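Chains as they are written, first to last, in our numbering: chain A, 1 to 532; chain B, 1 to 369; chain C, 1 to 355; chain D, 1 to 382. Working notes for the structure below.
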Amino acid sequence: MTSSPSPTISAPALEMRGITKRYPGVIANDRIDLTVRPGEIHALLGENGAGKSTLMNILYGLTRPDEGEILLDGEPITIKGPSDAIARGISMVHQHFMLVPVLNVADNILLGAETMANRVFLDRDEARRRIRELGQRFGFDIDPDETVGRLSVGWQQRVEILKALYREARILVLDEPTAVLTPQETKEIFAVLRRLAAEGHSIIFISHKLSEVLEIADRITVIRRGRVVGERLPADTNEEDLAELMVGREVQLVADRGESHPADVLLSVESLAVGDDRGREVVHGISFEVRAGEIFGIAGVAGNGQDELVEAITGLRRPAAGRVRLGADDVTMADPRQAHEHGISFVPADRHRFGMVTSFSLADNLVLTDYYAPPYARRGVRDDAAIAARAEEAIREFDIRTPSATVTAGTLSGGNQQKMVVAREFDRDLRLLVLDQPTRGLDVGSVEFIHRQTVRKRDAGTAVLLVSAELDEVLELSDRIGVMYRGKMVAILDGPTASREHVGLLMATGGHETPEGAPQGAAAPEPRRTGA
Amino acid sequence: MRSRSIALVGLAVVAIIASACSSAATPVPGLKIGLVTDVGTLNDKNFNQYSWEGAQAGASAIGAQAPQSAVSSVSADIAKNIQSFVDQKYDVIVTVGFAAGSDTIKAAKANKGIKFIGVDQSPCLDASGVEDPTFGCKGDAAALLPNLVGIQWKEQQPGYLAGIVAASISKSGHIAAIGGTAAVPAVPNYMLGYASGAKSVKSSIKVELQYISPAPDKAAFADPAGGTAFAKQLLAKFTDVDVLFQVAGLTGNGVLQAACDAKIYGIGVDVDQFLSTPDTAKCTVVSAEKKLSKNVSDQIQKVKAGTFKAGTAKLDIGSNDVGLSPFHDSASLITPATQKLIDDAVAAMKAGTLKACDENAFGGCNIPK
Amino acid sequence: MLTGLFDIPVLGLILQLLDFLLNVVTVNGPVILSLATPLALGAMCGVISERSGVVNIGIEGMMLASAFSAWLVASVAAQAFPAEPGFFFGVTPALLIGLAAALATGVAFSLVHAWLSISIRADQIISGTIINIVAFGVTAYLDLLLSRTSQPSGGKFVAFAPPQALLDLPVIGWLFRMVLAQGPITMAAIVIAVVFQVLLFRSRWGLRTRAVGEHPKAAETVGIDVIRLRYRNVLAGGLLAGLAGAWFTIDFGTTFQTGMTNGRGFIALAAMIFGRWHPIGAFGAALLFAASGALGTAIRTTPPPGQLGEILISIPEQVFSALPYLVTIAVLAGVVGRSVAPAADGQPYEREATH
Amino acid sequence: MRVDLRTPLARARSLIALPAGAILLAFIVGAVVMLVSSPLVTGHFDPSLPLRTYAAIVEGSLLSVNALVDTVVAATPLILVGLAVGLGFKAGLFNIGGQGQFLMGAVASAAAGAALAHESPIVAITLSVLAGVLAGAAYGFIPGLLKAYTGAHEVVTTIMLNYVGIQVISYLITGPLRAQGASFARSPDVQNAELPAFLNVGTGHEAHIGILVILVVVPAISWLLYRSTTGFEIRTVGANPDAARYAGMQPRRLVILSLTVGGMLAGLAGAIEILGVSGYMPAAYATNVGFDAITVALLGRATPGGIFFSGLLLGALRAGAPLMQVKAGVPVQMIDLLQGIILFFLTADVIVRFVFRVRAGHAKLDELQTVTRSYGSGTGKP
């Protein structure tokens, strides 16, 4: 893009021209142009898998482009690796923080850009001094000796930004920086970013969240399927426009989910308290009910206890207190097998970790939770014919694109893998369907398919518990919406009438007038460990 | 590409089979002598190695072709190796070590036409001629298995002589012997003889008898570093010990190393260690020898000469099959008085008036509780 | 002065035991330290490699191969360059050449391990197993063949002789005897442990090593070449294993014997774990394991008098031989505190950002 | 996807292409080593030495009934312990403890055999074998339990237990189990518990009935892994422990089960060796079966069928070793070396692919990915 819509006259700090990167079978980046000016916050907007990360990995030297060139201050350069990028003033804050949890803040920041007392030894005193100074300059007070693993996610992100500043980065790339933040933390980080931009740093802000992009960016580049499909100034655009660019057609933000006909209460959760892996309580006495034939959506910023709640209901995690009932049955202490046999189906958030075995055949994966029971097995002996028949049926019914049922599941596309999980979990005699981020990272077609299937299950009288970090997904599908904030259910709203703004506010503040989580002193940071 | 590798494999197979068939023929005149080692290696500076040297010497003495060795790397190899020599129609098979005893008896029983020489073995048979599971040894091995001779030694005799030397050269009156393990009779035999020899010179002498390992394992016989460490520890505790007798194979070579490091006297075992382990020659005063190589060689020559005598050959000082090595550089340490003590003891043992230790029915030493 | 208390039931027994332990350790300090040397060096080979994320169970094989080449090369060199032992540690050109050969062998074997586990991302435990099997096979094979020719040894380093006045000092004289009356490799091991400990936690290399072992991706994103750092560390580990091997044949002893490391590489592995992947900790664990062996020996050779002696003698001596292994299992199981490996230990690193 | 469209024959070829290539390359490297060292073997440079060596191995392991009997007898423990290691791989575990489990089985069956030496053979054999199996199982159970409940990594615990096992045996055989009257430390004769020979060709090469166990065990383990739901669970835990938990399986139970069953197999092998081959247990019983079995399991890609054939191959090498020494004068350690090199080329399959231009399917064991994975992850608790 040579004709920039920006009125700024300063020369571009960074230009990427005609960047192309091909992987077997896909073109991740197709002749992408990107121009970033000094002091500009430039948003790179696109769906998951649109090619944003590839582009940034190329900029950072983690991946080599097949074609195209990169110009820094008008000079063409080649970036051979991260150290090369860093040396040229380009730094990156990755979506999954690149911090070593067991090391302290200072060591994490020093790593790779060590301040040396002599040829061999580090000068930690000097490093601490510089870190404190930098932090104060950008409005936060950080303890360089705190172990990073003990910091909250928001503070970890500040460490990441400090890392970049310590390296005197002029161009700072942030990949989905708000994905794991609370709205309050997001606000704080935005303040930091604005300050950085004011000091002349260029910031590339990667996101797929329209509202954030509109709030923070000076300029927005939208990419779709590896191509730049448009550039906008926030003043000249709106969410609908950006969404259309991003997804490639007019998106109906509210899908037709029909009317629900809820019946009796099926799932009832009473004062449920759940601890995390380290034994700290992260779900504090939650109560709610889901009726047969309704979709109960749980909205909330990721990391507010949703995962633990879902794992407690599906038996993967033992609750610390409270009760979970399914109809007349007490399933509080059920293990996954018992939960399954009570008619609970679960589509987990991380399908590669929980939902499937990539080295197993599609057929084996389709019976992963039912393998032990008739018709797939009798008295401990598998019935391969029945398993094969089941696979054929599921492939047909759920439109799983595969050459056969015997291929290993790992060779399927993400969408087809999720269809496989959905086929297994939806297509059985079940009472409660628990969906945790069921469409994360999927293409639009698969998303629609899964949403349709979900509504169908509801209409068939199944109780559905839907957890999603995508507020839009929750709003789109839910008959009722519970909002989780810091391990508590702060509100339960009627789905069709809930307003986006209201839910968003609840997610961000928990319903209090003044948002909690005012800046915390670095001396006593909230000891919350990231899941990354 | 595929055809290339198939051709390669095919060629190899043909070549191997062809050479296997061709090499099966061509008989060589004279006795074919094979040696099966105990678990370990051939160069163990111990039974395996000196039996092997004996087999070589014996073969050349009778003009037979050079003997062949088969090393046993695990316990199960011993029987397999013996069988392999049997299959190849060897005439004399030497097996080394007490652990090979059972397999040697079995093979000797099944192959009466082959002569077996069992080093450090004493065939113990029941009346029916199989190995006696109760170790009563009621059967007459010489009659039941006329093709097997087990060689054993009265190690207590050279041990006794070494004890005389040790007591005579010790200034502190405190000496020690370190054995690999008490679980192998030869070791306590040496050591108990050593103790009584020393006491015969000076009844007040203090003698430390210590064993490195409870079992005849690697630590006992194949761990020189462990032997050095054990000896150093002993010497650290008894700082006045000034003569150290090793009865622990390769582990014992480490013991001699420790003696050298501590600048005290060492006494070698089995062979003349002044010659066999030159690294520690400077502190090796003498060695308590059994003439292993010579005895194996003798047995082979007896086979050739037709004087082969089955049963257990318990070799002793009477036939000079055990004794002390030359003193080499240490000759000046040996006073005429000491030499006389040695000569007298040898004469008395030969005459049968002196027992080197509390001997049991099998010619070994009774181990005191 | 404590002996008066020895008659008190139970407590008296414990006091007697402490007295005995103290006695064993003081008397045998130098032996314990020299026996700990190959364990400590082997363990530090493990530390340096695993701190960067490469599991190394091939220490045993690396030590064995190095012991063999130190012996063989020193022996050949002694014939080529005959020389009188020098003043310091009885050094001769042959010994130095042998030492160099041991180090080179350690590096060569660790290069194989590095290539397999870093470059082609093979399972690191299998790679270590290969090292062990090949090292044993090749040394045993050659040793047997070489024994058919008579091969005099190339001699050995001798222990340093500190001034007697130093050793006679009250109380600390013992310490001087323990540390100074040692061969060069033992002394080097002490120095290496201290230097390595300081470097690991205070130098750029140490920081990077720890980061790579915990979170290689994070290290890569700040411009650290994970692959190169791992290679370097594994090869440096090979140097340490080589030094440990040389200890067997040109420092503590003079001859090579098939399989002579006799499982000490695996005790080194145990020391590394027990020492919680710290150089000093590993050294301490090695000392402890060596002391455990010395204790077993002391109980048999010179048991303490009285009831304590009876109790100790009634313990099968195999218990003391098995102690390092049992302690390691207990540590791993968290019975005696927990020892946690670097987070990325054993995981191959793939450089290209995956999509 | 591609694999699926091939004919079974092509699949079979792709399965054995890499192992076969690795073996061939190892033999070539071994030949080079022999060639270089031939002056030390025969006193002069001898280009025919490698050929004579391999010829002797082939003759001693294949070219006669006796040779074949030897091969099968030598292969039996390798296959059994190989299955123990392979089963571990399937469950995502690296069982280096085959050696210790084998030895425990051996000593237990020796003890039982000695105690039952005068019972009827059926009773004596049955109970002695059982004792070995149970002892092996117990020795596999320990690392399983430690792994399941404390996260202690099985690689380290099993190595440690191997060495502990040596000391246990030293204690037992020099102490309570020592045969009275025997001149050296060994257990008493098992007498009636000895496994009878079913095929005795009258030449000292006996096939004892123990080898028939293979005909039962190999299909049984295969059935367990691929036909039973428990096997499905084991394979799931091995491939993805989190998914196994999600699917309602009990990873801890399966970890313990896999190592215990592995211990049973290794213990059985130990029992068969003592009752069928040696007849008693010496204090310094030496074996290398634990490490041989790792090669067997890897060469057989952890599948029972593969382990059967690779066990036979290594058994043949072991069976041919005596004749190799006798006829070619090459030290037995050449077999160890060959084995290490086979393992090397198996692991460094890039070399095999390069040399033979093999385009076979991915050879790495999927199961192995989980083996070292848990090594550093803190507890590694399933």
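Cβ coordinates follow ideal geometry from the N, Cα and C atoms, glycine included. The structure displayed is predicted, hence computed values, not measured ones.
B:A108 is the residue among B:G227, B:A61, B:A108, B:S172 whose C-alpha sits nearest the C-alpha of I82 (chain B). Taking 3 residues as the shortest admissible run, the region 282-324 of chain A contains the following complete beta strand (DSSP E) segments, listed from N- to C-terminal end: 295-299.
For A61 (chain B), the number of other beta carbons within 10 angstroms of its own is below 16, and it is reported as exposed. For the region 325-350 of chain C, the set of positions with a beta-carbon nearer than 7 Å to some beta-carbon of chain D reads Y325, L326, T328, I329, L332, A333, G334, V340, A341, P342, A343, A344, D345, G346, Q347 in chain order. The beta carbon of P282 (chain D) falls within 8 Å of a beta carbon belonging to chain B, placing the residue at that interface. For the set A:G380, A:F346, A:D277, A:L466, the Cα lying nearest the Cα of R227 (chain D) is the one of A:G380.
Per DSSP, reduced to three states, the secondary structure at V184 (chain B) is coil, with no helix or strand assignment.
Residues of the region 297-317 of chain C with a C-beta atom less than 9 Å from some C-beta of chain B are T297, A298, R300, T301, T302, P316, E317, listed in chain order.
In this structure the region 154-167 of chain B touches the region 339-359 of chain B; the number of beta carbon pairs closer than 8 Å is three or more. About 6 Å separates the CB atoms of F252 (chain C) and T228 (chain B); that is less than 8 Å, so the two are in contact. Interface with chain C (8 Å Cβ-Cβ cutoff): G311 (chain B) is excluded. Proximity to L235 (chain B) across B:D77, B:A313, B:E208 peaks at B:E208, based on C-alpha coordinates. When CB distances to chain D are screened at a threshold of 9 Å, the residues of the region 258-271 of chain C falling below it are T258, G263, F266, I267, L269, A270, in chain order. Between the region 16-27 of chain D and the region 338-355 of chain D, the count of Cβ pairs shorter than 8 Å is three or higher; the stretches touch. In terms of Cα proximity to A169 (chain A), the closest of A:S83, A:L309, A:I313 is A:S83.
Judged by DSSP in its simplified three-state form, I204 (chain A) adopts strand. Each residue's CA atom was taken as its position, placing T41 (chain B) and S72 (chain B) some 7 Å apart. The region 116-125 of chain B makes contact with the region 294-308 of chain B; the number of CB pairs closer than 8 Å reaches 3 or more. In the three-state scheme derived from DSSP, where H, G and I count as helix and E and B as strand, Y194 (chain B) is classed as helix. Shown here for S117 (chain C): same chain residues with a beta carbon closer than 6 Å to its own, the five before and five after excluded, namely V54, Q124, S127 in chain order. Taking CB atoms only, F248 (chain C) has a neighbour in chain B less than 8 Å away.
Identification of residues in the region 26-37 of chain C having a C-beta nearer than 9 Å to some C-beta of chain B yields V27, N28, G29, P30, V31, I32, S34, L35, given in sequence order. Here the region 335-351 of chain A does not lie against the region 194-207 of chain D, with fewer than 3 beta-carbon pairs under 8 Å apart. In the structure shown, H118 (chain D) adopts coil according to DSSP, grouped into three states. Note on the region 231-319 of chain C: whole alpha helix (DSSP H) runs with a minimum of 4 residues are 264-274, 279-301, 306-314, in chain order. A direct Cα-Cα distance of roughly 14 Å separates E393 (chain A) from E425 (chain A). The criterion of a C-beta distance shorter than 8 Å is not satisfied by G150 (chain B) and G139 (chain B). In the DSSP annotation of this structure, Y211 (chain B) is not part of any alpha helix (DSSP H); the continuous beta strand (DSSP E) holding it starts and ends at 206-213. The residue from C:A70, C:W71, C:L41 with its alpha-carbon nearest to that of I59 (chain C) is C:L41.
At least 8 Å separates the CB of F354 (chain D) from every CB of chain C. Here the C-alpha atom of Y194 (chain B) lies approximately 14 Å from the C-alpha atom of V322 (chain B).
Distances from the alpha-carbon of L471 (chain A) to those of A:D107, A:S404, A:H208 put A:H208 closest. Ranked by Cα distance from Q152 (chain B), the first of D:Y149, D:L161, D:S183 is D:S183. From the beta-carbon of M92 (chain A), the residues of chain C found nearer than 9 Å are T221. Taking C-alpha positions only, L256 (chain B) is separated from A246 (chain C) by approximately 19 Å. For Q273 (chain B), no chain C residue has a C-beta closer than 8 Å to its own C-beta; the minimum C-beta separation is roughly 12 Å.
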